Structures are given as structure tokens and as C-alpha cells.
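A.B. asks:
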Amino acid sequence: MSARGLGVVYDLDGALPFGSMRTHARRLRGLLVHASRDRRTVLGMSGLVQGLLNSAPGTPVHYVSALPAAAHRPLLRLLHEEAHPPGALHLTGRGPLAGYLLGRGRAGKLQAMLDLMAADPIRRWVLVGDDGGHDPELFDQLARQHPARVAAIVLRSVAAPTPVDESRSASPTLGAGSVPVVWAPNAEELLPLVRRALDLTRPGSRGPRDWLLSAAERGNDSTRLRAFTEGNGVRALVDGRSYFTRLAEELDGTDADDLVLLLGWRADTSQRLAGTGRTLGELLSAAASRGALVRGLLWHSHASALTYSARQNRQVATVLRKVGGQILLDMRIRSRGSHHQKLVVVRHPGRLERDVAFLGGIDLAHSRGDDAAHTGDPQTAPLAAAYGPTPPWHDVQLQLRGPAVRDAEEVVRERWNDPAALVRLPWHLLPNRLHGVDRAARPLPAPLDDPPAEGSCAVQLLRTYPRRRPAYPFAPRGERSIARAYAKALDRAQRLVYIEDQYLWSVDVARTFATALRRAPRLHLIAVVPRHPDGDGASYATAARHGHAEALAMVRSAGGERVQVLDVENRAGTPIYVHAKVCIVDDVWAVVGSDNFNVRSWTHDSELAAAVVDDRHDGREPHDPGGLGDGARCFARDLRLRLMREHLGTDVDDALLDPDTAADAVRASAAALDTWHARGCGDRPPGRLRCHPLPAGAADLPFWRRGIIDPLYRSVLDPDGRPLSMRLRRTY
95 MSARGLGVVY DLDGALPFGS MRTHARRLRG LLVHASRDRR TVLGMSGLVQ GLLNSAPGTP
155 VHYVSALPAA AHRPLLRLLH EEAHPPGALH LTGRGPLAGY LLGRGRAGKL QAMLDLMAAD
215 PIRRWVLVGD DGGHDPELFD QLARQHPARV AAIVLRSVAA PTPVDESRSA SPTLGAGSVP
275 VVWAPNAEEL LPLVRRALDL TRPGSRGPRD WLLSAAERGN DSTRLRAFTE GNGVRALVDG
335 RSYFTRLAEE LDGTDADDLV LLLGWRADTS QRLAGTGRTL GELLSAAASR GALVRGLLWH
395 SHASALTYSA RQNRQVATVL RKVGGQILLD MRIRSRGSHH QKLVVVRHPG RLERDVAFLG
455 GIDLAHSRGD DAAHTGDPQT APLAAAYGPT PPWHDVQLQL RGPAVRDAEE VVRERWNDPA
515 ALVRLPWHLL PNRLHGVDRA ARPLPAPLDD PPAEGSCAVQ LLRTYPRRRP AYPFAPRGER
575 SIARAYAKAL DRAQRLVYIE DQYLWSVDVA RTFATALRRA PRLHLIAVVP RHPDGDGASY
635 ATAARHGHAE ALAMVRSAGG ERVQVLDVEN RAGTPIYVHA KVCIVDDVWA VVGSDNFNVR
695 SWTHDSELAA AVVDDRHDGR EPHDPGGLGD GARCFARDLR LRLMREHLGT DVDDALLDPD
755 TAADAVRASA AALDTWHARG CGDRPPGRLR CHPLPAGAAD LPFWRRGIID PLYRSVLDPD
815 GRPLSMRLRR TY
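To convert, take the position in the sequence shown, counting from 1, and add 94; that gives this note's numbering.
#1: Please work out which residues of its chain come closer than 7 angstroms, Cβ to Cβ, to L232, disregarding the five sequence neighbours upstream and downstream, and give them in chain order.
#2: Please confirm whether A321 and A309 have their CB atoms less than 8 angstroms apart.
#3: Where does Y807 fall in DSSP's three states?
#4: Determine the DSSP secondary structure at H166, reduced to helix, strand or coil.
#5: For G641, does the count of other Cβ atoms within 10 angstroms reach 16, so buried, or fall short, so exposed?
#6: Which one or two residues does DSSP pair with L221 in a beta bridge?
#7: Is it buried or exposed, I620, if we count other Cβ atoms within 10 angstroms and call 16 or more buried?
#8: Could you pull out every residue in the same chain whose Cβ sits closer than 7 angstroms to the Cβ of E701, ignoring the five residues on either side in sequence?
#9: Assuming contact is defined by CB atoms lying nearer than 8 angstroms, are T186 and V220 in contact in what I supplied?
#10: Tell me the residue span of the alpha helix (DSSP H) that contains Q493.
#11: I need the DSSP call for S819, collapsed to helix, strand or coil.
#12: I'd like the span of the alpha helix (DSSP H) that includes N326, first residue to last.
#13: Tell me which residues share the same chain as G572 and place their Cβ nearer than 6 angstroms to its Cβ, disregarding the 5 neighbours each side in the sequence.
#14: Am I right that L414 and V439 are in contact with their C-beta atoms under 8 angstroms? What's the rounded C-beta distance?
#15: Here's a check: name, in chain order, each residue in its chain whose Cβ is nearer than 6 angstroms to the Cβ of D708, leaving out the five neighbours to either side.
#16: Only counting the same chain, and skipping five residues up and downstream in sequence, which positions put a Cβ closer than 7 angstroms to that of E715?
#17: Helix, strand or coil for V517, going by three-state DSSP, please let me know.
#18: So, at 6 angstroms on beta carbons, what are the nonlocal neighbours of R262 in its own chain, with the 5 sequence-adjacent residues on each side left out?
#19: Out of curiosity, what's the CA-to-CA distance linking T469 and A480?
#20: To the nearest angstrom, report how far apart E594 and M648 are at their CA atoms.
#21: From V410, V417, S379 and C677, pick the residue whose C-alpha is nearest to that of W393; which is it?
#22: Going by DSSP in three states, G454 sits in which element: helix, strand or coil?
#23: Going along the chain, which residues of its own chain have a beta-carbon closer than 6 angstroms to the beta-carbon of F568, five neighbours each way excluded?
#24: Just to confirm my understanding: we take A765, look at its own chain, exclude 5 residues before and 5 after, and list those with CB closer than 8 angstroms. What are they?
#25: For a quick check, are the C-beta atoms of A502 and A451 less than 8 angstroms apart?
#26: Please confirm whether L783 and V662 have their CB atoms less than 8 angstroms apart.
#27: So does the region 506-522 actually touch the region 440-460, counting three or more Cβ pairs closer than 8 angstroms?
#28: Just confirm the distance between the C-beta atoms of Q588 and R616, as a whole number of angstroms; I'd bet it's less than 8 angstroms.
#29: Going by C-alpha distance, which of P180, D107 and V490 is nearest V676?
#30: In terms of alpha-carbon separation, which member of G226, L806 and A381 lies closest to A109?
#31: Name the two residues that bound the continuous alpha helix (DSSP H) containing C728.
#32: Let me confirm a value: T668 is counted as buried when at least 16 other C-beta atoms fall within 10 Å, else exposed. Which label applies?
#33: Decide if G725 is buried, meaning its Cβ has at least 16 other Cβ atoms within 10 Å, or exposed.
#34: Identify, in the order they occur along the chain, each residue of the same chain with its Cβ nearer than 6 angstroms to the Cβ of Y807, setting aside the five sequence neighbours on each side.
#35: Between D681 and R731, is the Cβ-Cβ spacing less than 8 angstroms?
#36: With distance defined between alpha-carbon atoms, name the residue in L733, Y826 and G781 nearest to V328.
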């Protein structure tokens with residue numbers, strides 16, 4: 095079918111935050127019931143429409159709703175916030191709002207669609223809606239009466255308590271004749287079915303724009319961050335020792351009027367950053383004493399007696415205050431939240447080519463200074479006993495040079511200039527006052543220009559901020575660009591998603607990966623996670639395993655043997671605590687940050703990540719693993735290979751380049767080590783990977799304990815920072 099002469103009509107009502115009582119009842123039921131096969135979500139419906147436009151440029155879009163005309167302006171604002179493509183909005187409501195709430199409005203929508211057909215008698219229409227209301231009957235009526243004018247019927251499946259196992263391209267209930275009808279529980283699975291039904295081709299690669307969010311897709315008009323920057327040099331620093339060594343070198347190179355900015359979850363003044371034995375406190379103090387402006391925001395944290403870091407962070411603030419620096423303790427977060435961003439920016443006025451930023455998963459804290467041998471950092475922080483007295487610790491940080499450094503600086507400036515009080519509770523205020531901790535931010539110098547281009551990478555800074563009161567001036571409705579970026583990148587995944595993560599919790603996060611696995615039958619998911627939770631408390635560990643079990647059940651249900659979940663150990667057999675937050679898709683898109691794969695990181699705490707798409711193509715076969723014309727990119731492929739080599743104990747890349755053979759190599763290595771442990775004799779095989787068992791979830795607990803564990807997990811371990819309307823629609 096020719097793409098010329100197509101138009102899109104999208105009935106919005108089933109996807110809006112405000113809907114009929116029937117719609118809300120169904121959403122509430124879906125929120126309370128967590129099924130590993132339930133892939134229904136509104137997330138990505140704007141991408142479905144945009145995907146059709148990419149395949150058929152110039153296609154007009156018309157949005158239809160039974161809301162009254164008074165809702166025109168707020169509905170346009172919502173469409174913009176959720177990054178829907180521009181289009182005409184037709185509001186057909188004529189009576190009281192009660193009619194809309196009762197799910198009425200079919201007649202008005204029918205007339206609006208008939209008017210569109212009459213106004214453009216040649217165009218054929220793609221009718222988009224869902225099967226939870228009157229769309230199936232409405233679209234069927236149009237297709238029967240005007241079969242030549244309806245190109246396809248596209249229905250997001252929401253009505254069934256559990257969705258069908260397979261997306262459908264035909265329907266037993268609609269008698270639309272020759273008009274193709276497609277169903278799926280989400281937009282990502284719908285789009286390829288629609289393209290197939292309309293004989294549309296997926297457009298060729300457009301470079302970073304295919305993978306990185308546009309400014310509109312970020313969903314936050316109040317930030318000064320750019321959509322992304324190009325010409326950046328990016329270097330991955332694997333494990334804390336390599337990061338701390340580089341950071342010490344940069345701090346040593348500061349002079350008068352240089353600017354050192356930092357954000358952190360925890361920092362220890364006594365943490366040694368280099369082989370010389372110098373500590374974080376000494377290096378920052380020396381920089382300030384030379385005249386550098388040292389400024390930072392650390393999470394205020396809860397009491398150290400609860401294994402948090404209030405005392406340690408307060409000590410950093412006190413030490414830097416004595417030498418003219420200023421570290422503020424920031425509690426401007428939701429009640430059960432934290433500031434989890436990890437960032438250091440060093441800028442040199444007049445020497446911008448030396449500017450650098452570091453961000454990722456590594457705190458400036460004890461236990462983080464491990465190296466590739468993974469014998470652990472002798473300066474330890476509390477961790478579960480299973481990891482031993484000096485826990486082995488695996489993590490990743492990025493070094494950025496080039497224009498992205500100015501955006502990294504802007505992340506700090508936005509939080510620094512927030513006029514809201516840093517802390518409000520008296521048990522926070524009093525200790526700070528007793529220790530002389532500053533309560534107000536000193537002004538920062540004027541921003542510098544971009545550093546010069548340094549490399550070949552497009553870099554996009556991604557964040558999570560919750561919606562809270564008082565609102566963040568730079569994100570008044572919150573920001574969930576990390577979640578949105580994953581949804582966009584995974585929509586292009588075809589062959590291999592490689593992740594390393596501290597948690598891998600939450601069905602809401604796992605659903606995004608499961609959808610990709612259902613859509614792409616050749617897609618592998620390889621996930622490296624910790625063997626044990628980070629705490630020993632019985633309730634905490636049980637709740638953590640419950641969330642982990644839910645997520646793993648969902649991805650394994652979707653991908654079967656294509657899903658491998660593994661943990662790692664050192665040569666002595668001690669489990670390595672995986673604290674990294676890394677995802678690499680088809681050797682094109684790579685992201686490293688502070689965010690974990692859970693609802694807390696995607697919605698509730700402050701988080702920061704950098705997505706990277708390198709302009710340089712890797713010349714080794716396969717040249718284009720995903721088959722979409724992107725080609726393997728140097729940074730993403732090199733990072734994946736480096737991490738896999740470390741875990742497999744090999745220096746050879748050949749078997750790891752192709753996604754299928756890489757998956758086979760991982761499976762064989764883990765099986766060999768598991769077998770060696772089971773036999774208890776013979777030479778230890780190379781590699782560190784072990785198969786990660788599916789932990790027991792709440793369903794395996796007695797009923798009375800299940801009633802405690804599930805609320806504990808959802809309210810304390812993995813709280814949701816989205817407005818209720820977003821939770822109900824499973825969107826970000």
C-alpha cells in the first residue's frame with residue numbers, strides 16, 4: 095500500500111489521564127495486580143503515531159476526544175508534554191461532563207470522522223484507539239460503511255484482565271472485511287504490525303536522533319539542558335580505582351578561579367583517591383586553598399546509625415567550609431527519597447580545552463575503590479555479610495570532554511539555584527547548625543562557554559526528578575527522561591541488550607524490556623546483577639528478592655532462553671557486588687548513570703545518566719547487528735566487549751562480536767563455573783559468571799507475610815514518584 099494519501103485519526107480518550115469511570119476502574123485493577131505476562135501500557139503511543147509519520151512523511155494527524163470544547167487548551171498542553179506529533183484536535187463533547195465520565199460520545203466521534211472523510215475524499219485513514227470502550231464498534235462501523243476510506247484499524251488491547259500471548263493482525267470480532275485490524279497491548283508491539291499491514295518500510299537510520307530524545311520527548315520545558323550535544327570525547331572508567339586515579343589527577347591540576355562542582359549521594363573525606371594515599375578531603379581542600387571554587391550538593395541523608403551517611407556527608411561540608419569551599423546538604427526530595435546523582439565537573443576559565451566531567455554509578459565513598467581483580471577496597475562501608483569483610487565492588491563511571499561538560503555544569507547550577515530551603519525538619523536543622531553547616535548557597539560565577547569539540551560522540555544527559563512540593567523550578571512537573579530514553583532505545587533493539595545493574599527490580603521497569611523481547615524474536619537480554627541484596631535484614635532481603643523475582647519472571651516469560659541473568663564472583667569465590675548501572679543496545683546506544691532498573695530510580699529519586707551514540711563505526715563483523723542501518727558504533731561496542739571480557743576472563747573478542755555467539759559464550763562460561771562448583775574438584779575454569787537463580791517472591795510466602803512484604807517493597811524499597819494518573823496509565 096502506498097504511503098501517499100494516508101491520514102491518522104487517534105481516539106485519545108482511552109489514553110488520557112482523565113477517563114471514564116470504567117477506564118479508571120480497569121487501570122486501578124491493573125495497578126494492584128502484578129502479572130508477569132501483563133504488557134498493557136499507554137507508554138509509547140505518541141511514538142506509535144510518530145513512527146507512522148516517519149514511515150509516511152506528510153501524513154496528517156487528527157486527535158479526537160469526547161471532551162467538551164473547554165478542554166481544548168489543557169489537552170493541547172498534555173499532548174505537548176507527552177511528545178505527541180502536532181495535529182488537529184477535535185473535541186466532540188456537547189453535553190455535560192457526566193456523559194464523558196460514563197464513556198459516552200460515540201456519536202460525536204463518528205460524525206467528526208465522517209466530516210474528515212467528506213473534507214478529504216481521497217485520503218485513506220488509519221484509525222487508532224483501544225478496545226476498552228466503543229472504538230472497536232465505532233471503527234468497525236466506519237470500515238463497513240466506507241471500506242475504501244479506512245486503511246487499517248489499530249487497537250491497543252486493554253480490556254482483557256491478562257493480554258493475549260501473541261499480538262494479533264486479525265480479529266474474530268470485527269467484520270471489517272478487507273480492512274486490516276491489528277491488536278497489541280502496547281505501542282511498541284503495535285507499530286511493526288501496523289507497518290506490515292500497511293506495507294510501510296521502517297525508515298533508514300537518521301543518526302543520533304533515532305536513539306536520543308528530542309527536546310519535546312524529554313517532557314520538561316523548564317530545563318536549560320540541550321537535547322544533546324555532539325563532538326564529545328567519552329571514556330569509560332571501569333571500577334573505582336581507575337575513576338579515583340583520574341579524578342585525583344584532575345583535582346591536582348586545578349588553580350585559582352577554576353571551578354569544581356560535585357553532586358553526590360555519599361562522600362567520605364577519608365576515602366583515598368590515588369596510589370599516593372591522598373584522600374578526597376585533602377584533594378578538595380588543596381584545590382580550594384589554591385583558589386579554586388569548590389561547590390557541591392550532597393544528599394542530607396538519614397542518620398548514620400541506620401547505615402546511611404548523614405555524619406559522613408556533614409563532615410565533608412565541615413572540612414570544605416574551613417578552607418573556603420561550600421558543600422550544601424540537600425534534602426529537597428520526596429519523604430522516602432534521596433539525591434542519588436553522582437557528578438563531578440571541573441572547569442578552567444581561559445583553558446576550556448581542559449574541562450572535564452565525571453558521572454556514573456561511583457560515589458566518592460568507602461568500598462568503591464576496587465579494581466579489576468576485585469579483591470575489594472580496604473576502606474569499607476557496611477554491606478551484606480555474604481560479600482565478606484572487604485566486599486568486591488564492580489562499577490562504571492564516564493569521563494566526558496567537549497560541549498557536554500557545559501550541560502553537566504548546568505545540572506549542578508539548576509539544583510544550586512533552587513530557592514527552596516535545603517532542609518526543613520528540626521532534627522536535620524539542629525545538627526547542621528551545631529556543626530556550622532551552611533544553609534544558603536553562595537552565588538556561582540557566570541557560566542562559561544562550551545569547551546571545544548573533543549571527540550566523535552553525541553551525548554545526552556538524562557535525569558529523574560520527582561514531582562514534589564515545593565516544585566523544582568527546573569522541573570515543576572518532575573522529569574523522567576531516563577525512563578523515556580530507555581523506552582525509545584529499546585524500541586529499536588533487535589539483537590542484544592546488555593545490562594549491568596545493582597537491583598533489576600519492578601515489573602513496571604521490566605515491562606519495557608519484556609515488550610522488546612516479545613517484539614524482536616532474535617533479541618537477547620544479558621543482565622549482570624549482584625548475587626545477594628546489599629542488606630542482611632530479614633524483612634529487607636525478603637522484600638528485595640520479591641521485587642527482583644517479579645521483574646525476572648516478567649522478562650523470562652517474554653524471552654525464555656534468550657534471557658540470561660547472571661551474577662559474578664572473584665577468583666576466591668566471593669560474590670562481587672555489582673553496583674554498575676549500564677545498558678548497551680545493539681552496540682549503538684550506551685548509557686551509564688546513577689539510576690538503577692527500578693521504579694525508585696525512574697520516578698522517585700534524583701538521578702543522572704549519560705546516553706552516548708558514537709559517530710565512529712566499528713569495522714568488524716557484524717557491521718550492523720541490529721539490521722536497521724545504524725551500524726555498530728565504537729564506543730558502545732568497545733564498552734560491551736570490555737565488560738564481557740572482564741567477566742569471562744578472556745582477552746579475545748572474536749566470539750563476542752556477534753550477538754548470538756556472545757550469548758553462547760556467556761551461557762557456556764557460566765555453566766562451566768557452576769559445574770565446577772557442583773563437583774568441587776578440578777581446575778577452576780576461567781571467568782567469573784554464575785547463573786543467577788530466580789529468587790523466591792511474595793507468592794511463595796505465607797499469606798500473612800505476603801501482606802507485609804509487598805507493601806514494604808512498594809512503599810519503602812521501591813516507591814513510585816509519578817502522579818497517580820501516570821501510574822494508572824503505566825507511562826512516564
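Ideal Cβ placement from N, Cα and C applies to all residues, glycine included.
Fair warning: this is a prediction, and the values are worked out from it, not measured in the lab.
C.D. replies: Walking through what the data contain:
#1: The answer, listed in chain order, is R200, K203 and L204.
#2: Contact annotation: A321 and A309 have beta-carbon atoms nearer than 8 angstroms.
#3: helix
#4: helix
#5: By the neighbour-count rule (16 or more Cβ atoms within 10 Å), G641 is buried.
#6: Answer is V103 and I247.
#7: buried
#8: H434, Q435, R557, T558, I576, G687, S688, D689 and S695
#9: no
#10: Looking at the DSSP string, Q493 is not in any alpha helix (DSSP H); the run it does join, the beta strand (DSSP E), is V490 to R495.
#11: helix
#12: N326 -> not in any alpha helix (DSSP H); beta strand (DSSP E) instead, spanning T323 to V332.
#13: Y559, P560 and R561
#14: Not a contact, Cβ separation roughly 16 angstroms.
#15: S550, C551, R727, C728 and F729
#16: L751
#17: Here DSSP, grouped into helix, strand and coil, assigns V517 to coil.
#18: With a pLDDT of 48 at R262, under the threshold of 50, the modelled position of that residue is not reliable, and the figure given next carries that caveat. Excluding sequence neighbours, R262 sits near W277.
#19: 14 angstroms
#20: Straight-line Cα distance between these residues: approximately 18 angstroms.
#21: V410
#22: G454: strand per DSSP, three-state reduction.
#23: For F568, where only same-chain residues beyond five positions count, the Cβ hits under 6 angstroms are S316, T317 and E508.
#24: Result list for A765: C785, in chain order.
#25: yes
#26: yes
#27: no
#28: About 7 angstroms; that satisfies the 8 angstroms criterion.
#29: V490
#30: G226
#31: Taken as a continuous stretch (DSSP letters only), the alpha helix (DSSP H) holding C728 covers C728 to L742.
#32: buried
#33: buried
#34: Here the set comprises A637, H640 and G641.
#35: yes
#36: L733
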